[in-house]
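A short write-up of the structure that comes next.
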Amino acid sequence: ARPNELPAGGSEAITAAKGLYFINPVGKEPGKPRQIWTQGETQSSSCWFPTVDQPNQRMTQEISLTVEDQFKTLSNGLLITSKKNPDGSRTDVWRQSLPAAPYLTMLAVGDFAVVSDTWHGKAVDYYVEPKFKSTAKAVFGHTPEMLEFFSKRLGVEFPWEKYSQIAVRDYVSGAMENTTATVHGAAIQATRRELFDNTYETSESVIAHELFHHWFGDYVTCESWSNLPLNESFANYSQYLWAEHKYGADAAALVQQQDLTHYLEEAESKREPLIRYHYANREDMFDRHSYEKGGRVLHMLRKYVGDEAFFTALSRYLSRNKYTAVEISDLRTAFEETTGEDLKWFFDQWFMERGHPELKVSHTYSNGQVLLHVQQTQDTLFQPVFRLPVTVTVWQKEKPTNHQITITKADQTFSFLAADKPTMVKFDSESQLLAQLDEERTMEETIFQFYHAQNYLQKYEALDLLQNKTTDFAVSGMLRNALSDNFFAVRRTTLDHLRGYRGPNVSAVRTEVQHLATADPSSAVRAQALVTLAAFPNENYTATYQAALRDSSYVVEAAAIDALAKLPTTNSRAQIAALEDTPSSSLLVAIASYYAQRGSVDQYAWFLRRLPDSPI
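Dropping the structure here:
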């Protein structure tokens, strides 16, 4: 095998396709460890061992690795033997007795520290560079709890012999769910200070995603890349499930909002069925349709059939198809057998058809009736008219009444009895539809929605709709209320909408923003507060920015430097120079930007010295 002689290959999701990678093999790159690791997906395992490299194949395996004795090795399954050789080398033999697809085969070699946990007697290990040993459990430590939660939720205990995670240099993807041995890019490692800026989406959600693949993708694998959502949509949805379990409804709603935003961004340029039997390149399947859209579709399926049926069906699907390849019909059959309902309509419109609903919704009140008018405005030459079960909530003062409706036509009107004119009529009041929604409502209704919201999604929607009406007293009051919301993302979103604020009580609002810049418990909120302060016209918050240069968070320090760069004059050069040797990429970029705008030829040597560390 000569993987380095192969064409580069790869895609946006997996940037190379050599299969086997040698990192700094002869040690000529200062500061970079010597490593070997593999990346098999989609069909790169055959670059380094002979196999029928298709996801519908199954194999057990035994791998022998002869290495310098100081190096650790990792592969699928269990370490069977480790023997020192007369020449000073060592041979490790790893064996996986359970069958898996060839693309899930892995090996890794390098100078790693191994931090160990256990779960139900199975080894749970974290392989990191030695300097990150003390923080490995801070990054990966929820893994045993995730194993327990997912095993119970799915009704199928984690089936593999062990579970290891390893962080490697120059990785060609974000992470990879190789059976029993997930590979992460080196960026998942963090120092104690970097942990202050760790967000759910940068590490913990990725850890949940790759672990969940050990049921959906490894235990049960898509029959072909056309059926990739059977792997990736489920792994994406695990990020919601774990957030919901561990951190509550607001955190889960934030995952939903981010997923919908990401999918809709991609949908502006392409709309494909989730299951695609015709594609130009198999790598095209690794997109926001297979991931984010698919995760939202699974959530709609869960809400339609209910939790008990949803997880019972998944348990049936996994148990029936273990260690085999599946198609979308296998999933549909499991749900139909569980619910006793024909669900072909759901699977056809969401998995086999392209696009999503684009809805225009309005309501009127007359003679004791609310009339709700719903139009599907998507181009139905290329997308279906969707069947949409949805909840509509009619609020009369403080009393909500839920109505379940099913939209089946492109233009439809529904009526609800109401003794008085409603305070608010909320379509899709549970915020579950994957759709673009244009809902006519008054400013008063939107403010009412914010104060009566059940989760972050509903507050986010209200804030988004009113972001251009900040001169109104009621909207201004809502925004000031939002600045003290318990959930950090509400505060962060509100701060974003307050940039350049000129509404009522402007002095008090700016004082509150200034307070958040130094006192909010979330580094993401403190950083956004600095961005917002910097956008206020004719204001100088130099003292606040300089104080933020001593923040515990690199992200906050970077935001402070960006803010200082916008000031006409500043005496902060010495404070910024003291940060020049930072290990933080975000702070490095901020310093470089500051020097590019406000520096001189004196910083030229610094640029040359730090250029190899630049992330851009």
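Sequential numbering of the sequence shown, starting at 1004, is according to my numbering.
Built from N, CA and C at the ideal position, the CB exists for glycine as well.
Everything numeric in this text was worked out from a predicted model, so none of it was measured.
Taking 8 angstroms as the upper bound for CB-CB distance, F1199 and S1241 are not in contact here, some 25 angstroms apart. The alpha-carbon of A1527 is positioned some 9 angstroms away from that of S1556.
Under a 10 Å Cβ-count criterion, G1080 is classified as buried, with 16 or more other Cβ atoms of the shown protein chains found around its own Cβ. Under the DSSP assignment, K1347 falls outside any beta strand (DSSP E), being part of the alpha helix (DSSP H) whose first and last residues are 1347-1350. Note that the C-beta distance between L1590 and A1561 is below 8 angstroms.
Residue pairing from DSSP places D1414 in a beta bridge opposite Q1378.
Per the Cβ contact rule, the stretch 1047-1056 is not in contact with the stretch 1179-1194 (fewer than 3 Cβ pairs under 8 angstroms). Rounded to the nearest angstrom, the Cβ distance from K1429 to T1396 is 5 angstroms, consistent with a contact under 8 angstroms. Cβ atoms of A1568 and S1596 come within 8 angstroms of each other, at about 6 angstroms. Contact check for A1530 against V1559 passes: the beta carbons are separated by less than 8 angstroms. The alpha-carbon of H1359 is positioned some 38 angstroms away from that of V1516. Around W1228, the same chain offers R1285, M1288 as residues with beta carbons nearer than 6 angstroms, after the five sequence neighbours per side are excluded. Of the candidates N1234, V1223, A1254, A1254 places its Cα closest to the Cα of E1204. Among the bridge pairs identified by DSSP, F1419 is matched with V1373. With respect to the 8 angstroms criterion, T1535 and L1570 are not classified as neighbours on the basis of their beta carbons. Proximity of the stretch 1434-1441 to the stretch 1398-1407 falls short of the contact definition, fewer than three beta-carbon pairs being nearer than 8 angstroms.
Nearest to Q1259 by C-alpha distance, out of E1464, V1478, D1475, is E1464. Pairing G1158 with S1318, the inter-Cα distance amounts to about 6 angstroms. As the crow flies, the alpha-carbon of N1508 is around 25 angstroms from that of A1550. The shortest CA-to-CA distance from S1100 to any of K1249, M1062, A1211 is the one to M1062. Per the DSSP secondary-structure output, H1366 pairs in a beta bridge with L1375.
Remark: three or more beta-carbon pairs, one from each stretch, lie closer than 8 angstroms, so the stretch 1310-1326 and the stretch 1334-1352 are flagged as touching. With fewer than 16 other Cβ atoms from the protein chains shown falling within 10 Å of its own Cβ, G1343 counts as exposed.
I1169: not part of any alpha helix (DSSP H); member of the beta strand (DSSP E) spanning 1166-1171, first to last residue. Between the stretch 1206-1215 and the stretch 1267-1280, the count of Cβ pairs shorter than 8 angstroms is below three; the stretches do not touch.
The continuous beta strand (DSSP E) containing T1041 extends over residues 1038-1041. In the DSSP assignment, K1462 forms no beta bridge with any residue.
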